[in-house]
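**Q** Chains as they are written, first to last, in my numbering: chain A, 1 to 419; chain B, 1 to 169. Glycine included, every Cβ here is placed at the ideal spot set by N, Cα and C. Note that this is a predicted model, so its numbers are computed, not measured. This is the structure, below, for whatever I ask next.
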Amino acid sequence: MGMTMAEKILARHSGQAVVRPGDIAVCEVDKIIQIDLVFSASAEMPKRISNPSKIAIILDHAIPAPTVGDADGQAIAREFARRFGIEKFYDVGRHGICHQVILENGLALPGQILTCTDSHTCASGAFNCVARGMGPLEMLQIMCTGKTWYQVAPTVKFELNGSKPGSVFGKDIFLHLAAVAGSVEGHNIEFAGSGIAGLPLDDRATLATMGAELSAEFVTFPADARAIEHLRSVTDERFEPAESDPDAEYAATYAVDLSSLRPYVAKPDFIPHNTLPVADLDEKIAIDQAFVGSCANGKLEDFRVAAQIMRGRTVAPGVRFIVTPASQKVLKEAVRRGYVETLLEAGAVVTNSTCGACYGGHMGVLGAEEVCITSSTRNFKGRMGSPSARIYMASSATVAASAVAGYISDPTPLLAESL
Amino acid sequence: MSDSHSLLVQGRVWNFPDDNINTDLMMPQSVFAKPLQVQLRSVFATYRPGWVDAVRPGDIIVAGRNFGTGSSRPGSFLLKQIGIAAIVAETINGLFYRNCINYALPAMECPGVRELASEGDVMRINFATGSVDNLTQNITRSAPPMPEFLQAIIRAGGIRERLKAEGYL
Ligand code: SF4
Numbered sequence: 001m002g003m004t005m006a007e008k009i010l011a012r013h014s015g016q017a018v019v020r021p022g023d024i025a026v027c028e029v030d031k032i033i034q035i036d037l038v039f040s041a042s043a044e045m046p047k048r049i050s051n052p053s054k055i056a057i058i059l060d061h062a063i064p065a066p067t068v069g070d071a072d073g074q075a076i077a078r079e080f081a082r083r084f085g086i087e088k089f090y091d092v093g094r095h096g097i098c099h100q101v102i103l104e105n106g107l108a109l110p111g112q113i114l115t116c117t118d119s120h121t122c123a124s125g126a127f128n129c130v131a132r133g134m135g136p137l138e139m140l141q142i143m144c145t146g147k148t149w150y151q152v153a154p155t156v157k158f159e160l161n162g163s164k165p166g167s168v169f170g171k172d173i174f175l176h177l178a179a180v181a182g183s184v185e186g187h188n189i190e191f192a193g194s195g196i197a198g199l200p201l202d203d204r205a206t207l208a209t210m211g212a213e214l215s216a217e218f219v220t221f222p223a224d225a226r227a228i229e230h231l232r233s234v235t236d237e238r239f240e241p242a243e244s245d246p247d248a249e250y251a252a253t254y255a256v257d258l259s260s261l262r263p264y265v266a267k268p269d270f271i272p273h274n275t276l277p278v279a280d281l282d283e284k285i286a287i288d289q290a291f292v293g294s295c296a297n298g299k300l301e302d303f304r305v306a307a308q309i310m311r312g313r314t315v316a317p318g319v320r321f322i323v324t325p326a327s328q329k330v331l332k333e334a335v336r337r338g339y340v341e342t343l344l345e346a347g348a349v350v351t352n353s354t355c356g357a358c359y360g361g362h363m364g365v366l367g368a369e370e371v372c373i374t375s376s377t378r379n380f381k382g383r384m385g386s387p388s389a390r391i392y393m394a395s396s397a398t399v400a401a402s403a404v405a406g407y408i409s410d411p412t413p414l415l416a417e418s419l
Numbered sequence: 001m002s003d004s005h006s007l008l009v010q011g012r013v014w015n016f017p018d019d020n021i022n023t024d025l026m027m028p029q030s031v032f033a034k035p036l037q038v039q040l041r042s043v044f045a046t047y048r049p050g051w052v053d054a055v056r057p058g059d060i061i062v063a064g065r066n067f068g069t070g071s072s073r074p075g076s077f078l079l080k081q082i083g084i085a086a087i088v089a090e091t092i093n094g095l096f097y098r099n100c101i102n103y104a105l106p107a108m109e110c111p112g113v114r115e116l117a118s119e120g121d122v123m124r125i126n127f128a129t130g131s132v133d134n135l136t137q138n139i140t141r142s143a144p145p146m147p148e149f150l151q152a153i154i155r156a157g158g159i160r161e162r163l164k165a166e167g168y169l
């Protein structure tokens with residue numbers, strides 16, 4: 001019996017020939033990513049760490065600091081980087097949301113193991129990396145010892161075939177999978193199928209990131225030519241991709257014909273089995289705020305499509321349309337290509353890159369009873385501000401089309417008109 | 001009552017039967033930077049107001065599917081601090097599960113556990129063997145035991161204690 005990608009990577013890193021679901025694998029970790037939120041006056045500092053070259057510090061959740069507490073925490077992060085000689089330090093100006101910075105800079109490489117405190121760390125699986133979120137204490141342990149344990153999980157396969165229609169994006173594919181498969185807690189997700197080759201890296205990253213909302217352990221994509229070409233353009237570090245064996249065993253397989261998909265939306269509070277095609281919503285849902293952003297969907301592809309929809313149109317009266325880039329690099333490129341100007345002309349607010357509104361931190365927090373359509377990652381009650389706010393989730397195209405209409409709308413007609 | 005790092009826990013049951021009970025409900029973002037006492041008061045404060053005051057040290061949580069879904073915030077640490085001695089759920093979110101082990105709060109999946117206990121029943125859980133007994137109703141279930149490697153982390157009092165012992169902290 002063969003192994004899945006995740007099993008192979010865990011086996012290699014724990015010095016075993018084979019691992020199977022249920023086994024414990026104690027592994028060397030290749031990349032350790034620390035974010036701003038873990039640094040505070042009360043956070044414990046280690047006396048020594050195992051290997052500073054494996055560590056990167058990325059300030060992202062609350063930057064530039066909205067409170068004194070955040071500013072003090074970031075000062076501690078700078079001191080930490082100095083004391084332990086951490087060179088990969090992404091301070092304000094080089095910053096971005098951690099998962100985007102990881103992908104842009106080739107910090108997550110095929111066949112590697114990466115850990116980070118943020119729960120959407122599975123994002124790095126877009127590049128065939130076994131990556132997951134960890135609690136702050138476990139991150140401290142990994143910084144100190146360089147290692148941690150994994151209990152090998154069974155894997156669910158998502159097989160993507162065909163090519164998607166122009167109004168369907170990574171987020172729609174994900175929301176469809178959430179309707180079909182529901183939550184997969186205790187399992188890895190492995191993407192497969194001939195439909196992957198045609199998917200932009202940004203869409204793959206959206207799919208990998210969103211695996212956290214199905215409670216996946218790891219999410220992995222194969223390292224195909226497109227992924228490797230990008231990585232070779234940003235790093236010369238060596239890597240060894242892991243392919244799944246033809247006779248690997250899966251707990252379940254879900255096949256999706258991408259050409260049959262339509263734009264999807266998630267209803268408030270949770271994602272698994274709580275999504276449907278936008279066109280099937282049975283009522284008109286008026287919105288107060290539309291948000292494009294987060295590690296999942298604040299990418300160049302999101303700016304491109306949002307600008308395409310907003311060109312020559314305006315944000316509906318009474319709606320706030322907030323667009324937050326996933327990194328400083330995305331923002332620079334979006335400015336260069338004129339996307340930012342288009343969005344501003346239409347009445348949108350384009351913010352600095354940060355986690356910001358995604359976690360209800362700053363720059364777009366929701367008030368009581370407000371309704372938001374977001375392309376970010378999580379729609380829990382209270383996630384983006386008041387617990388009585390209602391958070392719907394969709395692709396950035398659907399968010400932009402909804403900002404124009406004033407209520408949740410399928411973007412297909414606007415995209416067709418603005419080609 | 002059991003000692004605080006025991007893998008044999010006997011205590012009173014609290015039922016949290018809903019699926020997908022998330023970490024934001026255990027520990028809202030608004031208390032991140034607040035003192036521990038304020039954080040402890042916030043546990044399930046909007047989901048189950050007043051519950052924190054009713055918990056006694058040694059109590060057990062029996063939960064539904066995907067318990068603890070959400071972020072890496074250490075909700076399990078707060079649960080341990082208010083006195084919860086064990087969690088048994090239909091299924092447990094992987095990140096939350098790691099946090100439970102790391103903070104020495106024994107947790108286990110046991111399919112069917114939701115139907116096994118009424119609130120207030122006394123339950124005995126042996127994490128090393130996987131046996132789950134409702135002593136009040138005289139019903140027994142068994143679940144996959146906790147791997148020995150993880151039991152050792154709990155017996156050591158969690159990973160902070162280990163890091164201290166090894167001179168890292
Ligand atoms: S954008 Fe949202 S989901 Fe992504 S890292 Fe930031 S807070 Fe987490």
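If you measure beta-carbon to beta-carbon, which residues of the stretch 371-394 of chain A are closer than 9 angstroms to chain B?
**A** Taking 9 angstroms as the Cβ-Cβ cut-off against chain B, the residues of the stretch 371-394 of chain A that qualify are ARG378, PHE380, LYS381, GLY382, ARG383, PRO387.
**Q** Which same chain residues end up closer than 7 angstroms to LYS284/A when comparing Cβ atoms and leaving out the 5 residues on each side of it in sequence?
**A** Once the five neighbours on either side are set aside, the close Cβ partners of LYS284/A are TYR407.
**Q** For the beta strand (DSSP E) that contains VAL323/A, what are its first and last residues?
**A** From DSSP, the beta strand (DSSP E) with VAL323/A extends over 320-323.
**Q** Spatial neighbours of ASP288/A within its chain, please: CB distance less than 6 angstroms, with the 5 preceding and 5 following residues excluded, ordered by chain position.
**A** Here the set comprises GLU370, VAL371.
**Q** Can you tell me where the alpha helix (DSSP H) holding ILE84/B begins and where it ends?
**A** First-last for ILE84/B: undefined, no H or E at that position.
**Q** Does PRO413/A pass the burial test, meaning 16 or more other C-beta atoms within 10 Å, or should it be called exposed?
**A** That one is exposed.
**Q** Comparing alpha-carbon positions, which option in GLU217/A, LEU107/A, SER402/A, SER14/A lies nearest GLY318/A?
**A** With distances taken between Cα atoms, GLY318/A lies closest to SER402/A.
**Q** Within 7 angstroms: the Cβ of ILE58/A and any heavy atom of the ligand SF4?
**A** Answer for ILE58/A: no, Cβ out of range of the ligand SF4.
**Q** For the ligand SF4, enumerate in chain order all residues having a CB closer than 5 angstroms to any of its heavy atoms.
**A** The filter returns ILE97/A, ASP118/A, HIS120/A, SER294/A, CYS295/A, CYS355/A, CYS358/A, TYR359/A, THR377/A, in chain order.
**Q** Confirm, please, whether the CB-CB distance from GLY83/B to ASP192/B is below 8 angstroms.
**A** A question about residue 192/B goes unanswered here, because the residues of chain B that appear run from 1 up to 169.
**Q** Would you please verify whether the beta carbon of PRO28/B is less than 8 angstroms from any beta carbon of chain A?
**A** So yes, PRO28/B belongs to the interface.
**Q** Could you give the uninterrupted runs of the alpha helix (DSSP H) lying entirely in the stretch 133-160 of chain A, keeping only those of 4 residues or more?
**A** Counting only runs of 4 or more, we get 136-145.
**Q** Bridge partners of PRO277/A, per DSSP?
**A** Answer is TYR264/A, bridged to PRO277/A.
**Q** Can you tell me whether DSSP reads SER421/A as helix, strand or coil?
**A** In the structure displayed, chain A extends from 1 to 419; residue 421/A sits before or after that span and is not available.
**Q** Tell me the rounded alpha-carbon separation between ASP118/A and LEU95/B.
**A** Approximately 10 angstroms, taken between the alpha carbons.
**Q** For chain A, is any of its Cβ atoms less than 8 angstroms away from the one on ASP18/B?
**A** Not an interface residue.
**Q** Looking at chain A, is there any beta carbon in it that lies within less than 8 angstroms of the beta carbon of ILE159/B?
**A** Yes, ILE159/B counts as interfacial toward chain A.
**Q** Does any C-beta atom of chain A lie closer than 8 angstroms to the C-beta of ASP24/B?
**A** For ASP24/B, the answer is yes, since a Cβ of chain A falls inside 8 angstroms of its Cβ.
**Q** Can the beta-carbon of ALA357/A be found less than 8 angstroms from the beta-carbon of PHE270/A?
**A** Going by C-beta atoms, ALA357/A is not nearer than 8 angstroms to PHE270/A.
**Q** May I ask you to list the residues that DSSP assigns as paired with CYS358/A?
**A** Answer is none; CYS358/A lacks a bridge partner.
**Q** Quick one, are the C-beta atoms of ALA65/A and ALA71/A less than 8 angstroms apart?
**A** In contact: ALA65/A and ALA71/A (Cβ atoms closer than 8 angstroms).
**Q** Just to confirm my understanding: we take SER259/A, look at its own chain, exclude 5 residues before and 5 after, and list those with CB closer than 8 angstroms. What are they?
**A** Answer for SER259/A: GLY162, SER163, LYS164, PRO165, listed in chain order.
**Q** Throw me the rounded Cβ distance for the MET384/A and ALA346/A pair, which I believe falls under 8 angstroms.
**A** That pair is no contact at about 22 angstroms.
**Q** Near ASN15/B, which residues of its chain fall below 6 angstroms by C-beta distance, leaving aside the five closest residues on each side in sequence?
**A** Answer for ASN15/B: VAL62, GLU119, listed in chain order.
**Q** For PHE39/A, which option in ILE24/A, ALA126/A, HIS61/A has the closest C-alpha, if you only look at C-alpha atoms?
**A** When each option's Cα is compared against that of PHE39/A, the closest is HIS61/A.
**Q** Taking one C-beta from the stretch 4-14 of chain A and one from the stretch 122-132 of chain A each time, how about it: are there three or more such pairs within less than 8 angstroms?
**A** Cβ pair count under 8 angstroms is three or more, so yes.
**Q** How is ALA165/B classed by DSSP in three states: helix, strand or coil?
**A** Reduced to three states, the DSSP call for ALA165/B is helix.
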